[in-house]
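full-length UniProt numbering numbers the first residue of the sequence shown as 6 and each following residue consecutively. These notes are about the structure you will find just below.
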Amino acid sequence: PSPDDPPYLKGLNAPQREAVLTTEGPVLVLAGAGTGKTAALTARLAHLVATRRAYPSEILSVTFTNKAAREMRERVGRMIGPAVEGMPWLGTFHSIGARMLRRHAELVGLQSNFTILDTDDQLRLMKQVIQAASIDEKRWTAKQLAGLIDKWKNKGLTPAEIDAGESEAFAHGKGAEIYAAYQDRLRALNACDFGDLLLHMLTLFRSDREVLEQYQERFRYIMVDEYQDTNTSQYLWLRLLAQKRKNICCVGDDDQSIYSWRGAEVANILRFERDFPGAAIIRLEQNYRSTPHILAAASGVIAQNGGRLGKTLWTLEAEGEKIRVIGVWDGPEEARRVGEEIESLERQGVRADQVAILVRASFQTREFEDRFIQIGMPYRIVGGFRFYERAEIRDALAYLRLVNQPSDDLAFERIINVPKRGLGDKAVEKVHRVARAEGVPLMLAAAGISETDELTGQARKSLARFVGDIHRWRDLATSMSHAELARQILDESGYTTVLQAERSAEASGRLENLQELTRAMEEYETLGAFLEHVSLVMDNDAQADEAKVTIMTIHAAKGLEYDSVFLAGWEDGLFPSQRALDEGGLASLEEERRLAYVAITRARRRCYILHAANRRVYGQWTSSIPSRFVGELPKETVEEETTLSGGASLWRANWSERDDPFANIARGSGRGPGWQRAASQGNFLREPTRIVEARQSAVSLGNKGRDDISLGMRVFHQKFGYGQVTAIEGNKLEIDFEQAGAKRVLDSFVNPA
Ligand code: ATP
Ligand code: MG
Numbered sequence: 006p007s008p009d010d011p012p013y014l015k016g017l018n019a020p021q022r023e024a025v026l027t028t029e030g031p032v033l034v035l036a037g038a039g040t041g042k043t044a045a046l047t048a049r050l051a052h053l054v055a056t057r058r059a060y061p062s063e064i065l066s067v068t069f070t071n072k073a074a075r076e077m078r079e080r081v082g083r084m085i086g087p088a089v090e091g092m093p094w095l096g097t098f099h100s101i102g103a104r105m106l107r108r109h110a111e112l113v114g115l116q117s118n119f120t121i122l123d124t125d126d127q128l129r130l131m132k133q134v135i136q137a138a139s140i141d142e143k144r145w146t147a148k149q150l151a152g153l154i155d156k157w158k159n160k161g162l163t164p165a166e167i168d169a170g171e172s173e174a175f176a177h178g179k180g181a182e183i184y185a186a187y188q189d190r191l192r193a194l195n196a197c198d199f200g201d202l203l204l205h206m207l208t209l210f211r212s213d214r215e216v217l218e219q220y221q222e223r224f225r226y227i228m229v230d231e232y233q234d235t236n237t238s239q240y241l242w243l244r245l246l247a248q249k250r251k252n253i254c255c256v257g258d259d260d261q262s263i264y265s266w267r268g269a270e271v272a273n274i275l276r277f278e279r280d281f282p283g284a285a286i287i288r289l290e291q292n293y294r295s296t297p298h299i300l301a302a303a304s305g306v307i308a309q310n311g312g313r314l315g316k317t318l319w320t321l322e323a324e325g326e327k328i329r330v331i332g333v334w335d336g337p338e339e340a341r342r343v344g345e346e347i348e349s350l351e352r353q354g355v356r357a358d359q360v361a362i363l364v365r366a367s368f369q370t371r372e373f374e375d376r377f378i379q380i381g382m383p384y385r386i387v388g389g390f391r392f393y394e395r396a397e398i399r400d401a402l403a404y405l406r407l408v409n410q411p412s413d414d415l416a417f418e419r420i421i422n423v424p425k426r427g428l429g430d431k432a433v434e435k436v437h438r439v440a441r442a443e444g445v446p447l448m449l450a451a452a453g454i455s456e457t458d459e460l461t462g463q464a465r466k467s468l469a470r471f472v473g474d475i476h477r478w479r480d481l482a483t484s485m486s487h488a489e490l491a492r493q494i495l496d497e498s499g500y501t502t503v504l505q506a507e508r509s510a511e512a513s514g515r516l517e518n519l520q521e522l523t524r525a526m527e528e529y530e531t532l533g534a535f536l537e538h539v540s541l542v543m544d545n546d547a548q549a550d551e552a553k554v555t556i557m558t559i560h561a562a563k564g565l566e567y568d569s570v571f572l573a574g575w576e577d578g579l580f581p582s583q584r585a586l587d588e589g590g591l592a593s594l595e596e597e598r599r600l601a602y603v604a605i606t607r608a609r610r611r612c613y614i615l616h617a618a619n620r621r622v623y624g625q626w627t628s629s630i631p632s633r634f635v636g637e638l639p640k641e642t643v644e645e646e647t648t649l650s651g652g653a654s655l656w657r658a659n660w661s662e663r664d665d666p667f668a669n670i671a672r673g674s675g676r677g678p679g680w681q682r683a684a685s686q687g688n689f690l691r692e693p694t695r696i697v698e699a700r701q702s703a704v705s706l707g708n709k710g711r712d713d714i715s716l717g718m719r720v721f722h723q724k725f726g727y728g729q730v731t732a733i734e735g736n737k738l739e740i741d742f743e744q745a746g747a748k749r750v751l752d753s754f755v756n757p758a
């Protein structure tokens, strides 16, 4: 370091400076969490621009998320000022890929205004392809085949490059054929999916030297953060771009590779040294983020993994607090406990936005959200929706709202064709028209229509069934607990079946969320009370400028850091996930362990790890044991405590009582309000649920008819044409149509001729 150092070099340690100043030739920075990899990369970007080695537009910088790109842009801006404007090539692989592809779309058979499909569109398209190819949709679902194609795209493979044997193994031997057909459909629609953003460019680079050379010239420098999570397609794309100038700097940490389920290849790190001979390998060992206890805990856990590249980590930080491992009785107590700890931190001056709660599975956020609403603690969910805002939860809530209150039109609209029951736009439009004309809720209009010939065939049957179901569930509500009712509704409506058929990680996440929803319902006396709670939660938008606690999944927390971090649900089956345990492979367990490493290393000063002795699954209490990762924490770095009387022994020793957690409550001293509430609402104690009566029954439209139509009158119906009225019953008419014969119709579709 010298006094003349430009500001962006100030404070960097020697290997970090090396990473910044070694601008020419390939550089690989391989270092553990919190060692300042991202910081060095940011300084390097500033250095390249400040020393005029390149214009901002000649540097390609890839980050893992858009948020990370924004942050890097801001930081560089602070270092070099307005020059930061005009960095079009700083972003994620997706955003950069899309920008490039738009410029050359016509070379791959697209137009520059192509659309990028989201996952839903992608599946819809896949369904069409499957049907056209007469493939058994039950055996090979759209989700499965779309997943397969993603996988191939992640590997950088076009349909022509799919290995025959691999193609044989899928879709009745038609794997590659389906892939090709899917690509054709995309082109016909002038669209592409996320995988295409890079794959098209990769294909183009390979076939069109001119285009490739243009970019090889342009990008004087290439930089990549979170390099351990690049997939093959991304790697090949980078390698082609860097081939000419070879000024590529990648930073990463093999221990933080947590996206192999999305095709990431840690092997890309080893490959780098091979493909770029003579690459400078820089190791950063000083950690600036965490206390020694936190580092030791993280290192202790990750040491259990095999095949690591291996790294040393040390810190000058003061020792600090030990990791606090807290055993609690159940989920509600976990949330209550975390809330209390955060309040206590706040009293010590910690700001809420310096606190994060990290979960393994997204359904886990619900318990915290409910608790925080109750105690008025502002929170935000990062990298996902708040629990009650997730699509499947809103769908389920819409069913419940409609059962609770048939005049809830918004709920009706949301689920009238979810899951798909053959009620297209036309049928729905019809219901709307009647409702408008009669001034009644959609549900009542639907009931009326379903008793007439306004709709035919499948649509009419479906509508009648839907109306009948809602009515039946309303009846059941008086004799059944509302959580059970919710489960029944989700089953009978076909909602769960559709998700189960998908057999994907995403669908099983949605199913978990739905289970969590019914679990939450058990804490409320009535359906009405529960729904009211939900509307309060939804309404609870904290002030924009208020400091909020962050809740997110570990995956979403990559690259971030917080003063205090709460790691919730460290129980076998939750973390490591049941999926990882079932698959049984060492590889999946090791990936879970890397997640644990990422989780712990997000913490700067305080790290809390929680595990509950009981979780409710499908309305049943099941006991759980602390995660094996808890056992892997070096003893001297942790401080264990449990809120259960008798200490850990009570819940560790004797599982014979586990089927009846209420038996333990008399002995447990740490039960809080949440726990008492849960106990008092055990199934055996619950009173029959009563639901608010709707103003009108959902079955008939009542007798309000039209004054301007009378028996014997000649009328015109928009669908059936002219006819004569032969009977009138309230708002329903029997008409003898001149072309269509006798029909029962609603008077709202009829006018005097
Ligand atoms: P991760 O692997 O989690 O992405 P990282 O290696 O990218 O971590 P950074 O996020 O860049 O680490 O840095 C971690 C923390 O250390 C940040 O708060 C950063 O500001 C700080 N830091 C980095 N380098 C230095 C340094 N030389 N001196 C002081 N603080 C530093
Ligand atoms: Mg980083």
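Where a beta carbon is used, it is the ideal one built from N, C-alpha and C, also for glycine.
Distance CB(residue i)-CB(residue j) smaller than 7 Å
| i | j | result |
| --- | --- | --- |
| tyrosine 567 | glutamine 359 | yes |
| arginine 376 | glycine 344 | yes |
| aspartate 234 | serine 262 | yes |
| cysteine 255 | leucine 586 | no |
| arginine 556 | alanine 604 | According to the sequence displayed, residue 556 carries isoleucine and not arginine. It is not a contact, given that the beta carbons lie outside the stated cut-off. |
| histidine 205 | valine 113 | yes |
| asparagine 236 | glutamate 29 | no |
| valine 635 | valine 330 | yes |
| leucine 363 | leucine 572 | yes |
| lysine 431 | glycine 37 | no |
| histidine 487 | leucine 536 | no |
| phenylalanine 210 | leucine 245 | yes |
| phenylalanine 417 | methionine 382 | no |
Reduced DSSP category for residue i - H, G, I as helix; E, B as strand; rest coil
| i | result |
| --- | --- |
| alanine 269 | strand |
| tyrosine 13 | helix |
| histidine 177 | coil |
| tryptophan 575 | coil |
| aspartate 413 | coil |
| aspartate 258 | coil |
| phenylalanine 721 | strand |
| arginine 250 | coil |
| glycine 41 | coil |
| isoleucine 559 | coil |
| serine 540 | helix |
| glycine 96 | strand |
| glutamine 686 | At glutamine 686 the pLDDT is 31, less than 50, meaning the model places this residue with poor confidence; the figure from the coordinates comes in the next sentence. Coil at glutamine 686, not helix or strand. |
| glutamate 698 | Caution applies to glutamate 698, whose pLDDT of 29 falls short of 50 and renders its modelled position unreliable; the value that the coordinates give is listed next. Three-state result, glutamate 698: coil. |
| proline 87 | helix |
| glutamate 662 | Since pLDDT at glutamate 662 reaches only 35, below the 50 mark, its modelled position is unreliable, and the value read off the structure follows with that caveat. Coil, per DSSP. |
| methionine 228 | strand |
| glycine 673 | In this prediction, glycine 673 scores a pLDDT of 31, lower than 50, which makes its location untrustworthy; the coordinate-derived value is nonetheless stated afterwards. Coil at glycine 673, not helix or strand. |
The ligand MG heavy atom lying under 6 Å from the CB of residue i
| i | result |
| --- | --- |
| lysine 143 | no |
| glycine 170 | no |
Residues sharing a beta bridge with residue i, DSSP
| i | result |
| --- | --- |
| lysine 748 | Ile740 |
| tryptophan 319 | Gln291 |
| tryptophan 626 | Arg621 |
| glutamine 520 | In DSSP, glutamine 520 forms no bridge with anything. |
| asparagine 236 | Ala269 |
| aspartate 335 | Asn619 |
| glycine 728 | Val720, Phe742 |
| isoleucine 183 | Note: isoleucine 183 sits in no beta bridge, so no partner. |
| valine 32 | Cys254, Ala285 |
Any non-hydrogen atom of the ligand ATP closer than 6 Å to residue i Cβ
| i | result |
| --- | --- |
| asparagine 619 | no |
| alanine 432 | no |
| aspartate 258 | yes |
| residue 2 | The chain is shown only over 6 to 758; residue 2 falls outside these bounds and no answer can be derived. |
| asparagine 310 | no |
| alanine 38 | yes |
| glycine 318 | In the sequence under discussion, the amino acid at residue 318 is leucine, which differs from the glycine named in the question. Outside the cutoff, so no. |
Note to self: Quick check on the contact list: which residues have their beta carbon closer than 7 Å to a heavy atom of the ligand MG?
What the structure shows: Lys42, Thr43, Asp230, Glu231, Gly564
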